[in-house]
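So the sequence shown is numbered by this note's numbering: it starts at 99 and just counts up by one.
Where a beta carbon is used, it is the ideal one built from N, C-alpha and C, also for glycine.
Note that the coordinates shown come from a computational prediction; the quantities given were computed from them, not determined experimentally.
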Amino acid sequence: MKTTASVPTPTGSAMPAAKYRAFLDVNPVALPDRTWPDKRITRAPRWMSTDLRDGNQALIEPMDPARKRRMFDLLVGLGYKEIEIGFPAASQTDFDFVRSLVDDDAVPGDVTVSVLTQSRSELIERTVEAIVGFPRATVHLYNATAPVFREVVFRADRAATVDLAVTGTREVIAQAEKRLGDDTVFGFEYSPEIFVDTERDFALEICEAVMDVWQPGADREIILNLPSTVERATPNVFADQIEYMSRNLSRREHIALSAHPHNDRGTGIASAELAVMAGADRIEGCLLGQGERTGNVDLVTLGLNLFSQGIDPGVDLSDVDAIRRTVEYCTQMDTPPRTPYVGDLVYTSFSGSHQDAIKKGFAARAVKVAAAGGDENAVPWELPYLPIDPHDVGRSYEAVVRVNSQSGKGGVAYLMSTAHALELPRRLQVEFSRIVQRHTDTYGGEVDADTLWAVFADEYLPTSAAPGLQPWGRFELRSSQVGTIDDEHVELTTVLIDSGAPVTVNAKGTGPIDAFVSALHEFDLDVRILDYSEHAMSQGRDAKAAAYVEAAIDGQIVWGVGIDSSISRASYKAVISAVNRALR
């Protein structure tokens, strides 16, 4: 055998990488004394759902009023207290939906609705008009601040950009004072759009200018929202930007510092979590990561990430399938099967080693739960490959282990136990997993619980246990009767079907199984029992038992399985199963 002294190195590609510049070369973000890496998240931030605005505007077919209302009701039901409900000045449809929530008295008193507007006086007037009558409402003002927008899109310098934000803030205050009564708790949010691409000194300058107008103080909070409108750098860079702002903003105690991550680089979740470590008090996002391009940060994943660390997310995510169904209905977008916590396959293992570890983990946990008096919540969750208990989010254990060509004995045994109440002995697990492997190699695909039972029955059980299978086996048990001879011996009378013909046999032994084995000697069979186990499969009047025997049949070692309402008959059937398999 040879070993190489060098490792393979990339040979390069034809892709035009030189067209692009590193983010930090364009917008240096130096924070050598950063403190966020040493911080821990110990409580949930404030959540703001933008499903009805950022999420809705990204849909191929935006939600109609009925779907919007369904989404709003879902968000309220989950416990979200800040919900952006639209851009009412942008369309009559959005305006009408906002007003419908007022007319229907649909907003609980502890929920704050938010509406977005650009910094134009006629849009601000229309926006404030839309929120008249809400118990709690926030106007969210934004303008783009990044150099490429200032220079290319708007042809405005820094001073003009600041003036636009300041003028808009004054107009928001004026319209609110004019139109909103004391029955509305009014709030204000400002976003320097494209914050991540904005020079940090200018981002600080424009936020301070807006605050000078709003004058935050006791009972007069301002929300400063810092969007990664397009995700452009690694999450640690975003965290540095957030910490810089958190450190340097004046009147920090009166600011709700908010982050609005997108997922263009696939790191929206990490960006949000690091932003919280860096000082963000509030996160804006969408359920299941809906939103422009690759989506806003996923509020469900963020919440359940906290939950998996023992932190209450502050919202009820205990039925992820119901959340998913509603989001899919409202957005008409499918949820990929690998979506964290929610996808069809996220609690499923196909790999044999993973399945074996999960099976052992469940068994060990069952012992600990029993010792805790049956209290599941008293035992910390520690299970291989399952970061949370699927039951806690409304999922069952049925799909945790699924069988395909990559599966091993652990997965097969787990499914036989959970789906069919059979606790296969370890050596039988090994044997049967090889049989399943042959099946998957031959037919391919996944083996579901019904198919697994058919494969098992065809190998170990008489046809009566699995309708539709072809008959097999020389022997079948017709009847049996046991009598006691003395304290150590019994006598057995059994009727067996031998190749279709009934045969009555009498035999003696030290017990029923020993006597049954002696009866088989009448057919010139050398049968020795090497291992035996049994268990109840259910309880009650219709209870059944399963018996397993490992036997040497004329020198060939095979397993047999029997199932019957009588444990004695199950034992006889297990011996017959082993004999039939040896002769098959």
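Here's a check: name, in chain order, each residue in its chain whose Cβ is nearer than 6 Å to the Cβ of G383, leaving out the five neighbours to either side.
Excluding sequence neighbours, G383 sits near N394, V395, L397.
*Which residue comes first and which comes last in the alpha helix (DSSP H) that contains S219?*
That run of the alpha helix (DSSP H) goes 219-228.
Notebook entry, point to check: Is I421 helix, strand or coil by DSSP?
Noted result: When DSSP states are grouped into helix, strand and coil, I421 belongs to the helix group.
| said: Please list the terminal residues of the continuous alpha helix (DSSP H) segment that includes S675. | reply: Annotation for S675: the continuous alpha helix (DSSP H) segment containing it runs 665-681.
Practice prompt. Please look up how many angstroms separate the CB atoms of D624 and D596, rounded, as I've assumed it's under 8 Å.
Written response: Not quite, the Cβ-Cβ distance comes to about 17 Å (not below 8 Å), so this is no contact.
Which residue wins for smallest C-alpha separation from R256, given the options I456, E297, M431, W312? Closest by alpha carbon: E297.
_Could you give the first and the last residue of the continuous alpha helix (DSSP H) run that contains H358?_
Note, H358: premise wrong, no alpha helix (DSSP H); beta strand (DSSP E) at 353-359.
- Task: State the start and end residues of the unbroken alpha helix (DSSP H) segment that holds E275.
- Result: In the DSSP annotation of this structure, the continuous segment of the alpha helix (DSSP H) that includes E275 starts and ends at 256-277.
Requested in this report: Look up M514 in the DSSP assignment and say whether it is helix, strand or coil.
Outcome: Annotated three-state conformation of M514 is helix, per DSSP.
task = Would you be able to state if there are at least three C-beta pairs under 8 Å between the region 422-434 and the region 372-391?
result = Because the criterion of three Cβ pairs below 8 Å is met, the region 372-391 and the region 422-434 touch.
- request: Please classify I683: is it buried, with 16 or more other beta-carbons within 10 angstroms of its beta-carbon, or exposed?
  value: The question about residue 683 has no answer, for the chain in this structure spans 99 to 682.
Can you pull the DSSP bridge partners for L214? Answer by DSSP bridge pairing, in chain order: H238.
Starting from H537, trace the alpha helix (DSSP H) in both directions and tell me its first and last residue.
Here the alpha helix (DSSP H) through H537 covers 524-541.
Q) With DSSP run on the structure shown, which of helix, strand or coil describes M146? A) Strand, per DSSP.
#### Entry: Rounded straight-line distance, which links the Cα of G266 to that of V196
Distance between the alpha carbons of V196 and G266 is about 21 Å.
For a test of the three-state rule: what should DSSP assign to T582, helix, strand or coil? T582 falls in the strand class under three-state DSSP.
**OP:** Evaluate the contact criterion for the region 158-169 versus the region 229-247: three or more CB pairs, one atom per stretch, below 8 Å.
**Re:** No, the region 158-169 is not in contact with the region 229-247.
#### Entry: Local conformation of N154 per DSSP, three classes
Reduced to three states, the DSSP call for N154 is helix.
* Are the region 567-574 and the region 539-548 in contact at 8 Å, needing three or more beta carbon pairs? -> Counting Cβ pairs under 8 Å, fewer than three are found: no touch.
Per DSSP, what kind of secondary structure is V647 in: helix, strand or coil? The answer is strand: DSSP assigns V647 an E or B state.
Worksheet item: How close, in whole Å, do the beta carbons of H352 and I320 come, if the pair is a contact with beta carbons under 8 Å?
Response: Correct: roughly 7 Å between the Cβ atoms.
Span of the beta strand (DSSP E) holding T549? Taken as a continuous stretch (DSSP letters only), T549 belongs to no beta strand (DSSP E), being part of the alpha helix (DSSP H) at 547-558.
- Message: Among the candidates P325, G315, R253, A316, whose CA atom is the shortest distance from the CA of Y288?
- Response: Nearest option by C-alpha distance: P325.
Notebook entry, point to check: What residue range is occupied by the uninterrupted alpha helix (DSSP H) comprising H587?
Noted result: For H587, no alpha helix (DSSP H) run applies, since DSSP gives it neither H nor E.
- Looking at C-alpha atoms only, which residue of R525, I139, P485 is the closest neighbour of G459? Of the candidates R525, I139, P485, the one whose C-alpha sits nearest the C-alpha of G459 is P485.
Residues in the same chain with beta-carbon distance under 7 Å from D338, minus the five sequence neighbours each way, listed in chain order, please. Result list for D338: V127, L129, R132, in chain order.
Subject >> Any 3 or more C-beta pairs closer than 8 Å across the region 180-190 and the region 209-229 >> reply: With a cut-off of 8 Å, the region 209-229 and the region 180-190 count as touching, because enough Cβ pairs lie within range.
**Item:** Cβ-based burial, T107 [other Cβ within 10 Å; buried from 16]
**Value:** It counts as exposed.
key: Proximity of V601 and L594 at Cβ, strictly below 7 Å   = Taking 7 Å as the Cβ cut-off, V601 and L594 qualify as a contacting pair.
Coarse secondary structure for G184, derived from DSSP in three states: DSSP places G184 in strand when its eight states are reduced to three.
**Message:** What does the Cβ neighbour count give for S577, buried or exposed, with the cut at 16 atoms within 10 Å?
**Reply:** With fewer than 16 Cβ atoms within 10 Å of its Cβ, S577 is classed as exposed.
Quiz prompt | For Y630: DSSP bridge partner residues | solution = Partner(s): V647.
| request: Run the CB neighbour count on Q637, radius 10 Å, all protein chains shown included, and call it buried at 16 or more, exposed below. | output: That one is exposed.
Over what stretch of residues does the beta strand (DSSP E) that includes V105 continue unbroken?
Unbroken run through V105: none, as it is neither H nor E.
- Task: Could you check which residue in R350, A331, F284 has the C-alpha nearest to that of G315?
- Result: For the options R350, A331, F284, the alpha carbon positioned closest to that of G315 is the one of R350.
Note the first and the last residue of the continuous alpha helix (DSSP H) segment covering E303. Bounds of the alpha helix (DSSP H) holding E303 are 298-312.
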